[in-house]
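A.B. asks: After the structure tokens below, expect a handful of questions from me.
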Amino acid sequence: MTPAGGDAAPAAIPLQAGDGHRFELIAIIPADARRSLLWLPALGVAARHYLPLAQALARRGTAVFLHEWRGHGSSSLRAGRDCDWGYRELLQLDLAASEAAVAAALPALPRVAGGHSLGGQLAACRAGLAPDACGELWLAGCGAPYWRAFPARERLWLPLAYRVLPWLADRAGSLPGRRIGFGGNEARGVMRDWAGTALSGRYAAAGLGDLEPGMAAARVQLRAVLFDRDWLAPASSLRHLLSRLPQAKAEVATLDTAALGVPADHFQWMKSPGAVADFFDR
Numbered sequence: 001m002t003p004a005g006g007d008a009a010p011a012a013i014p015l016q017a018g019d020g021h022r023f024e025l026i027a028i029i030p031a032d033a034r035r036s037l038l039w040l041p042a043l044g045v046a047a048r049h050y051l052p053l054a055q056a057l058a059r060r061g062t063a064v065f066l067h068e069w070r071g072h073g074s075s076s077l078r079a080g081r082d083c084d085w086g087y088r089e090l091l092q093l094d095l096a097a098s099e100a101a102v103a104a105a106l107p108a109l110p111r112v113a114g115g116h117s118l119g120g121q122l123a124a125c126r127a128g129l130a131p132d133a134c135g136e137l138w139l140a141g142c143g144a145p146y147w148r149a150f151p152a153r154e155r156l157w158l159p160l161a162y163r164v165l166p167w168l169a170d171r172a173g174s175l176p177g178r179r180i181g182f183g184g185n186e187a188r189g190v191m192r193d194w195a196g197t198a199l200s201g202r203y204a205a206a207g208l209g210d211l212e213p214g215m216a217a218a219r220v221q222l223r224a225v226l227f228d229r230d231w232l233a234p235a236s237s238l239r240h241l242l243s244r245l246p247q248a249k250a251e252v253a254t255l256d257t258a259a260l261g262v263p264a265d266h267f268q269w270m271k272s273p274g275a276v277a278d279f280f281d282r
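Just so you know, we're using UniProt numbering here: the sequence shown kicks off at 1 and counts up by one.
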């Protein structure tokens, strides 16, 4: 719904995954929508933080649905010693529920999936698991965490960090991301699956096995935007991710501070997403 003279009003769609997990999907649907986008947040980031991006895209004719990661924001669960999950639950249960809601809301529109950082990676993984879920991928500040895909300076210490983070999550019951400055309160299984890719360079998940054959078969259009001061997702890490999607037709752009109007790093663009929305909508 679009108020007179204003942006489309966000609406919360209550959802329940197959295992009973409850969360809300935030929908911003303009009257003139030409496509739908299911957007997946970065690790530890609640869906509501992408409302500026959603409104910018809605003004350009894209209906945006902001997915909520298990354990954050509107999610009914919080990671802890007695509550754990991994990529399997995120990819097979939660994303399936959001995809069904998007299809029910706008069945006739072309579907796009995408995300920021880990969200973009898991959108790519999901495209391999469910080829009919989308025909296009939009990625922002996204690349594989594989340590060898980073510049030499980061390669010196990343392997140690990738071992310490899941170890810390196991010891504490969940990763205390807010305290250490990386992610949020993250489930042990998520950290193990993430670290597996970071150390090996391959996408796999407990309970799902090797995700790369499906990714290799995915025929999607792909648009990816990088930020020139984003050390967490350098161009080399995106190239590694794209190597897992050999049949994707990719268009890549790098935005700087002048283009964005804010520092061109991993998170600041979220406050001023107009240039990102322009690139996705071109």
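A virtual CB, placed ideally from N, CA and C, is assigned to each residue, including glycine.
Taking 8 Å as the threshold (beta carbon to beta carbon), is residue 23 in contact with chain C?
C.D. replies: You won't find chain C in this structure, because it holds only one protein chain.
A.B. asks: DSSP on residue 9, reduced to helix/strand/coil?
C.D. replies: Taking the sequence shown and counting its residues from 1, the one referred to as residue 9 is at position 9. Residue 9: coil per DSSP, three-state reduction.
A.B. asks: Quick check: what's the CA-CA separation for residue 193 versus residue 31?
C.D. replies: Position 193 of the sequence shown, counted from the first residue, corresponds to residue 193. Position 31 of the sequence shown, counted from the first residue, corresponds to residue 31. Cα-Cα distance, rounded: 40 Å.
A.B. asks: Below 8 Å on the Cβ atoms is my guess for residue 102 versus residue 38; work out the distance and round it to an integer in Å.
C.D. replies: Here the question's residue 102 lines up with position 102 in the sequence shown. Here the question's residue 38 lines up with position 38 in the sequence shown. Between residue 38 and residue 102 the Cβ distance is about 5 Å, and since that is below 8 Å, they are a contact.
A.B. asks: Given a threshold of 16 other Cβ atoms within 10 Å of its Cβ, counted over all protein chains shown, does residue 89 qualify as buried or as exposed?
C.D. replies: Within the sequence shown, numbered from 1, the residue matching residue 89 stands at position 89. With 16 or more other Cβ atoms within 10 Å, it is buried.
A.B. asks: Quick one: grab the DSSP three-state call for residue 138.
C.D. replies: Start at 1 with the first residue of the sequence shown, and residue 138 comes out as number 138. Note: residue 138 maps to strand in three-state DSSP.
A.B. asks: Roughly how many whole angstroms lie between the Cα atoms of residue 27 and residue 36?
C.D. replies: Position 27 of the sequence shown holds residue 27. Position 36 of the sequence shown holds residue 36. Distance between the alpha carbons of residue 27 and residue 36: 10 Å.
A.B. asks: Report all residues from its chain with a CB closer than 6 Å to the CB of residue 87; omit the five preceding and five following residues, and keep chain order.
C.D. replies: Along the sequence shown, one-based indexing puts residue 87 at 87. Cβ neighbours of residue 87 beyond the five flanking positions: 193 and 205.
A.B. asks: Below 8 Å, can you find three or more Cβ-Cβ pairs linking the stretch 119-126 to the stretch 172-182?
C.D. replies: Judged by Cβ distances under 8 Å, the stretch 119-126 makes no contact with the stretch 172-182, as fewer than three pairs qualify.
A.B. asks: Can you name the start and end residues of the alpha helix (DSSP H) that residue 118 belongs to?
C.D. replies: Indexing the sequence shown from 1 puts residue 118 at position 118. Start and end: 118-129.
A.B. asks: Taking the straight line between their C-alpha atoms, what separation do you get for residue 172 and residue 78?
C.D. replies: Here the question's residue 172 lines up with position 172 in the sequence shown. Here the question's residue 78 lines up with position 78 in the sequence shown. Going from the Cα of residue 172 to the Cα of residue 78 covers about 14 Å.
A.B. asks: I need the DSSP call for residue 89, collapsed to helix, strand or coil.
C.D. replies: Position 89 of the sequence shown, counting from 1, holds the residue named residue 89. In this structure, residue 89 counts as helix in the three-state DSSP scheme.
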